[in-house]
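Visitor:
Shown next, in the form of structure tokens:
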């Protein structure tokens, strides 16, 4: 057995892509809860599993959500649109706008990453019915997730 080992870690500060992504994800969560409050949606029904990735002039916002109707796509008849699996389709407009505001507030205005013209892809979709059922019926309503974790380590 080893008597010693090497321990390393990384700390990032404001402006680092990880912090930018954290800020965008935080703003997305705030957006959803603001919309829920405006529409009278029970906050315990909101679900947001949002991951954000940033690279040169591009942001990707992905995950599973249960959001107020104001954040969903509606057809010309006013009805909510659904994908092939029956899940409601998220309207990306407010999510993109929220991400741009976060990037602007941080101060990114250079050629490689500019709040005004970076590409923002919103790949959010409705929460899986299986996950929703498991969370709702398991009594995890206050947590709103099927699991929680603190990640420590690396990918190999």
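Numbering (our numbering), first residue to last: 12 to 167. All residues carry an ideal CB built from backbone N, CA and C; glycine is no exception.
Going by DSSP, which residues form a beta bridge with residue 99?
Guide: According to DSSP, which records beta bridges pairwise, residue 99 is partnered with 93.
Visitor: Check each candidate in 113, 14, 101 and name the one with the smallest Cα separation from residue 36.
Guide: Ranking 113, 14, 101 by Cα distance to residue 36 puts 113 first.
Visitor: Is the CB-CB distance between residue 67 and residue 123 below 8 Å?
Guide: Result yes, Cβ atoms of residue 67 and residue 123 sit closer than 8 Å.
Visitor: Mark residue 72 as exposed unless 16 or more other C-beta atoms lie within 10 angstroms of its C-beta, in which case mark it buried.
Guide: Residue 72 should be labelled buried.
Visitor: Can you list, in chain order, the residues of its chain whose CB lies under 6 Å from that of residue 100, leaving out five sequence neighbours each side?
Guide: So the qualifying residues of the chain are 84, 92, 94.
Visitor: Report, in whole angstroms, the separation of the C-beta atoms of residue 77 and residue 58, which I expect to be a contact under 8 Å.
Guide: The Cβ separation is near 4 Å, so the contact holds.
Visitor: Hey, could you find the ends of the beta strand (DSSP E) residue 57 is sitting in?
Guide: That residue, residue 57, is in no beta strand (DSSP E); it is neither H nor E in DSSP.
Visitor: Which residues mark the beginning and the end of the alpha helix (DSSP H) in which residue 13 is found?
Guide: Note, residue 13: premise wrong, no alpha helix (DSSP H); not H, not E.
Visitor: Roughly how many angstroms separate the alpha carbons of residue 43 and residue 129, rounded to a whole number?
Guide: If you take the alpha carbons of residue 43 and residue 129, they lie about 22 Å apart.
Visitor: Let's see if you can read the secondary structure: which residues bound the beta strand (DSSP E) around residue 11?
Guide: Any property of residue 11 remains undetermined from this structure, which presents the chain solely from 12 to 167.
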